[in-house]
Amino acid sequence: MTTTEAGKSAGMGKDLVVYLCLLALAGVQFAMAFQNIDTSQMLVRMLAVAIVEAGLAVMFFMHLWSEKRGFVLFVLVFTIFVLLAMQYGWTDSTRMVVGAPFAK
Amino acid sequence: MSQADSTLEGHATGLSVGPAFSIPTKKLAMWLFIIADTMTFAACLVAYGFLRNGSADWPRPFHSITNVALMTFILLTSSLTMLMGLRAARVQDKAGAFRWTMITASLGILFALLHVREWLGLIHEGMTLFKNPWGNGLFGASFFSITGLHLCHVTGGVIALLAVGVRYRGGRYNADDIEVLGLYWHFVDLVWMFVVPLVYLLNLAH
Chain A
1 MTTTEAGKSA
11 GMGKDLVVYL
21 CLLALAGVQF
31 AMAFQNIDTS
41 QMLVRMLAVA
51 IVEAGLAVMF
61 FMHLWSEKRG
71 FVLFVLVFTI
81 FVLLAMQYGW
91 TDSTRMVVGA
101 PFAK
Chain B
1001 MSQADSTLEG
1011 HATGLSVGPA
1021 FSIPTKKLAM
1031 WLFIIADTMT
1041 FAACLVAYGF
1051 LRNGSADWPR
1061 PFHSITNVAL
1071 MTFILLTSSL
1081 TMLMGLRAAR
1091 VQDKAGAFRW
1101 TMITASLGIL
1111 FALLHVREWL
1121 GLIHEGMTLF
1131 KNPWGNGLFG
1141 ASFFSITGLH
1151 LCHVTGGVIA
1161 LLAVGVRYRG
1171 GRYNADDIEV
1181 LGLYWHFVDL
1191 VWMFVVPLVY
1201 LLNLAH
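Residue numbers (this note's numbering), protein chains in the order written: chain A, 1 to 104; chain B, 1001 to 1206.
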């Protein structure tokens, strides 16, 4: 086996492990759908698994892990900040369910 | 050389510091697109969650996970084949890179066909954009919007895979182009990881 081929198969082994992890995590999500638990609890658990899956895909499939530290910080900080900023309206959606009037 | 010339030269050297974050411009552009697209999908999913949370009669129309599980498996596998294509391109294996890119495109087409089949099944059961037989009429609008947006991305990705694959084989594109396209394809896969639990699994009929 040449050096190039050896490097290629070693890298592929890591990709395969990440792929299997993603399949397993997806399987966990599907299994959760059949658990007899509250919907909000199920949502939190499924989102947690999805975030782990996304992290694996971004770091290893998209190779963000091997980029410059400054770029990794730029992507992560910017994205996470905006995603968190989008969460401001949840209290209003709950208010619609309980029929409470909106603030004037 | 005068002092003015050397000062100007110094300026020019200072300005041409290379691409931001020392990564190729095409790759940076794709990352910026991915960040922007993340916001689009996140906004759609948050709006969907807002509607679902605010509705007492949110429908749970899905009776089986077989189709969505198969779609998930296909999309995840297509990410692996995309990586294999990139690895082949990196070692100058043109035939291998082309073959894996075309396999990825084929998996994307299969995913799209399964998606359309699922849509047709739901439409056949009476679901439209603004009404359905199970409950809140907005379910159709949010379901078709989110999955439709994702399907548009998959379709666009398949077209890009075919175009880049053919041009790579013809020598017009190189491994960097395959890598940039791979970023997009993995992103489409990544979005699906959030669409499945939120739109499908939480709406599974018990």
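Where a beta carbon is used, it is the ideal one built from N, C-alpha and C, also for glycine.
Rounded to a whole number of angstroms, what is the C-alpha to C-alpha distance between residue i and residue j?
i, j, result
"residue 1129 of chain B", "residue 1020 of chain B", "44 Å"
"residue 64 of chain A", "residue 1069 of chain B", "27 Å"
"residue 1010 of chain B", "residue 1045 of chain B", "Confidence is the limiting factor: at residue 1010 of chain B the pLDDT is only 49, short of 50, which leaves the residue's position unreliable and the question unanswerable from this model."
"residue 1183 of chain B", "residue 89 of chain A", "31 Å"
"residue 70 of chain A", "residue 76 of chain A", "10 Å"
"residue 1105 of chain B", "residue 1185 of chain B", "10 Å"
"residue 1097 of chain B", "residue 1151 of chain B", "25 Å"
"residue 22 of chain A", "residue 1083 of chain B", "14 Å"
"residue 1065 of chain B", "residue 1155 of chain B", "23 Å"
"residue 1049 of chain B", "residue 91 of chain A", "12 Å"
"residue 1094 of chain B", "residue 74 of chain A", "34 Å"
"residue 1099 of chain B", "residue 1176 of chain B", "17 Å"
"residue 1041 of chain B", "residue 1191 of chain B", "8 Å"
"residue 1030 of chain B", "residue 1178 of chain B", "12 Å"
"residue 1141 of chain B", "residue 20 of chain A", "34 Å"
"residue 1116 of chain B", "residue 1047 of chain B", "23 Å"
"residue 78 of chain A", "residue 1037 of chain B", "13 Å"
"residue 86 of chain A", "residue 95 of chain A", "17 Å"
"residue 992 of chain B", "residue 1206 of chain B", "This structure gives no information on residue 992 of chain B, because the portion of chain B shown stretches from 1001 to 1206."
"residue 1147 of chain B", "residue 1153 of chain B", "10 Å"
"residue 1007 of chain B", "residue 1168 of chain B", "Residue placement at residue 1007 of chain B is poorly supported in this model, since its pLDDT is 49, which falls under 50; the coordinates still yield a value, given next. If you take the alpha carbons of residue 1007 of chain B and residue 1168 of chain B, they lie about 44 Å apart."
"residue 1051 of chain B", "residue 51 of chain A", "22 Å"
"residue 1 of chain A", "residue 1023 of chain B", "For residue 1 of chain A, the pLDDT reaches just 49, beneath the cut-off of 50, and the residue's location in the model is therefore unreliable, although a value from the coordinates is still provided. Each residue's alpha carbon lies about 32 Å from the other."
"residue 1197 of chain B", "residue 1092 of chain B", "39 Å"
"residue 1025 of chain B", "residue 31 of chain A", "42 Å"
"residue 1043 of chain B", "residue 84 of chain A", "11 Å"
"residue 11 of chain A", "residue 37 of chain A", "40 Å"
"residue 1035 of chain B", "residue 1193 of chain B", "16 Å"
Between the beta-carbon of residue i and the beta-carbon of residue j, is there less than 8 Å?
i, j, result
"residue 1075 of chain B", "residue 1111 of chain B", "yes"
"residue 1188 of chain B", "residue 1027 of chain B", "no"
"residue 1143 of chain B", "residue 1199 of chain B", "yes"
"residue 1204 of chain B", "residue 1062 of chain B", "yes"
"residue 49 of chain A", "residue 35 of chain A", "no"
"residue 1054 of chain B", "residue 40 of chain A", "no"
"residue 25 of chain A", "residue 67 of chain A", "no"
"residue 1077 of chain B", "residue 1114 of chain B", "no"
"residue 1109 of chain B", "residue 1158 of chain B", "yes"
At least one CB of chain B closer than 8 Å to the CB of residue i: is that the case?
i, result
"residue 113 of chain A", "As displayed, chain A neither begins before 1 nor continues past 104, which places residue 113 of chain A out of reach and without an answer."
"residue 50 of chain A", "yes"
"residue 38 of chain A", "no"
"residue 79 of chain A", "yes"
"residue 29 of chain A", "yes"
"residue 23 of chain A", "yes"
"residue 41 of chain A", "no"
"residue 1 of chain A", "Because the pLDDT of residue 1 of chain A is 49, which lies under 50, any placement of that residue in the model is unreliable, and the number read from its coordinates should be weighed accordingly. By this cut-off, residue 1 of chain A is not an interface position."
"residue 75 of chain A", "yes"
Is the Cβ of residue i closer than 8 Å to any Cβ of chain A?
i, result
"residue 1053 of chain B", "yes"
"residue 1087 of chain B", "yes"
"residue 1175 of chain B", "no"
"residue 1197 of chain B", "yes"
"residue 1064 of chain B", "no"
"residue 1159 of chain B", "no"
"residue 1189 of chain B", "yes"
"residue 1031 of chain B", "yes"
"residue 1164 of chain B", "no"
"residue 1079 of chain B", "yes"
"residue 1178 of chain B", "no"
"residue 1040 of chain B", "no"
"residue 1124 of chain B", "no"
Of the choices the options, whose alpha-carbon is the least far from that of residue i?
i, options, result
"residue 1202 of chain B", "A:91, A:43, A:67, A:77", "A:43"
"residue 55 of chain A", "A:80, A:90, A:92", "A:80"
"residue 1060 of chain B", "B:1154, B:1139, B:1041, B:1167", "B:1139"
"residue 1101 of chain B", "B:1146, B:1147, B:1080", "B:1080"
"residue 1039 of chain B", "A:48, A:73, A:82, A:53", "A:82"
"residue 1195 of chain B", "B:1163, B:1058, B:1025, B:1149", "B:1149"
"residue 33 of chain A", "A:11, A:86, A:46", "A:46"
"residue 1166 of chain B", "B:1116, B:1197, B:1058, B:1103", "B:1103"
"residue 1057 of chain B", "B:1164, B:1131, B:1157, B:1146", "B:1131"
"residue 27 of chain A", "B:1072, B:1158, B:1023", "B:1072"
"residue 1119 of chain B", "B:1023, B:1043, B:1067", "B:1067"
*Is the stretch 1168–1179 of chain B close to the stretch 1118–1127 of chain B, with three or more CB pairs under 8 Å?*
no
*asked:* Quick check: the stretch 14–25 of chain A against the stretch 53–64 of chain A, are at least 3 beta-carbon pairs closer than 8 Å?
replied: yes
*For the stretch 1086–1094 of chain B against the stretch 1132–1148 of chain B, are there 3 or more C-beta pairs whose distance is under 8 Å?*
no
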